[in-house]
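K.L.:
Just dropping this structure here.
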Amino acid sequence: MKDYPKPLPDINGDNKEFWSGCKAHELRFQKCRDCGHVRWPPSIICPACHSRETEWIISSGRGTVYSFVIYHVAFHEGFREEVPYIVADVELEEGPRLLTNIVECPHENIACDMPVRVVWEDVTEEFSLPKFRPILP
Ligand SMILES: [Zn+2]
29 MKDYPKPLPD INGDNKEFWS GCKAHELRFQ KCRDCGHVRW PPSIICPACH
79 SRETEWIISS GRGTVYSFVI YHVAFHEGFR EEVPYIVADV ELEEGPRLLT
129 NIVECPHENI ACDMPVRVVW EDVTEEFSLP KFRPILP
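Residues 29 to 165 in the working numbering are what the sequence shown lists, from first letter to last.
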């Protein structure tokens, strides 16, 4: 766990709350206090109405696969052992779309609109990454 071979997030003032949430196994997103838009990535102003009034909410962690690809080429040395793997855009119930991995899913089963829920990968002392697995019927 100490020598994690893949890139890790760069923490800044905007995304600190998101990554702190991940460490606590909570998906936290900014919600505009004026228009209610829930956004990702984090930003100072609401992209829908330009308000600066923001609160952080905790997502249910449930969503659907909006789009996906299966990577067969490792574009970074750290992923060499992992190919092929699924990269997906998951649309959360609250609205934001998160670029992530689908895990615990046979590759022939992946499909758009598939219901998924968050699972956590504790990769270092500081970071837990949100990934998603199918919600079984
Ligand atoms: Zn707004």
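Here a beta-carbon is modelled for each residue, glycine too, at the ideal position from N, C-alpha and C.
1) If you compare alpha carbons, which of P124, E119, G123 is closest to I130?
2) Using the Cβ count rule (16 or more neighbours within 10 Å means buried), how would you classify G41?
3) Who are the Cβ neighbours of R125 in its own chain at under 8 Å, not counting the five residues just before and after it?
4) Is the beta carbon of P162 closer than 9 Å to that of E132?
5) Identify whether N129 lies in helix, strand or coil by the three-state DSSP scheme.
6) Can you check which of these residues, S88, I73, S87, is closest to E81 by C-alpha distance?
7) Is C133 near ligand 1, in the sense that its beta carbon is under 8 Å from a heavy atom of that ligand?
8) Between the C-alpha atoms of D141 and I39, what's the straight-line distance to the nearest angstrom?
9) Enumerate in chain order the residues of its own chain whose CB-to-CB distance from V151 is below 6 Å, with the five nearest sequence positions on each side excluded.
10) I need the DSSP call for C60, collapsed to helix, strand or coil.
11) Should H53 be listed as close to ligand 1, given that the test is whether its C-beta is under 8 Å from any heavy atom?
12) Are Q58 and S71 closer than 9 Å when you measure CB to CB?
13) Report the rounded CA-to-CA distance for A76 versus P165, giving the unit in angstroms.
14) Alpha carbon to alpha carbon, how far is C63 from L127? Give it in angstroms, no decimals.
P.N.:
With the given structure in hand:
1) With distances taken between Cα atoms, I130 lies closest to E119.
2) Exposed.
3) So the qualifying residues of the chain are W68, Y94, D117, V118, E119.
4) E132 places its beta carbon less than 9 Å from that of P162.
5) Three-state DSSP puts N129 in a strand.
6) The shortest C-alpha separation from E81 is found at I73.
7) Not under cutoff, so the answer is no.
8) Computed Cα separation, rounded: 31 Å.
9) In its chain, beyond the 5 residues on either side, Y32, L157 have a beta carbon closer than 6 Å to the beta carbon of V151.
10) Residue state, collapsed to three classes: strand.
11) No; taking the cut-off as 8 Å, the Cβ of H53 has no heavy atom of ligand 1 nearer than that.
12) The answer is yes: Cβ separation under 9 Å.
13) Approximately 35 Å, taken between the alpha carbons.
14) Take the alpha-carbon of L127 and the one of C63: they are about 24 Å apart.
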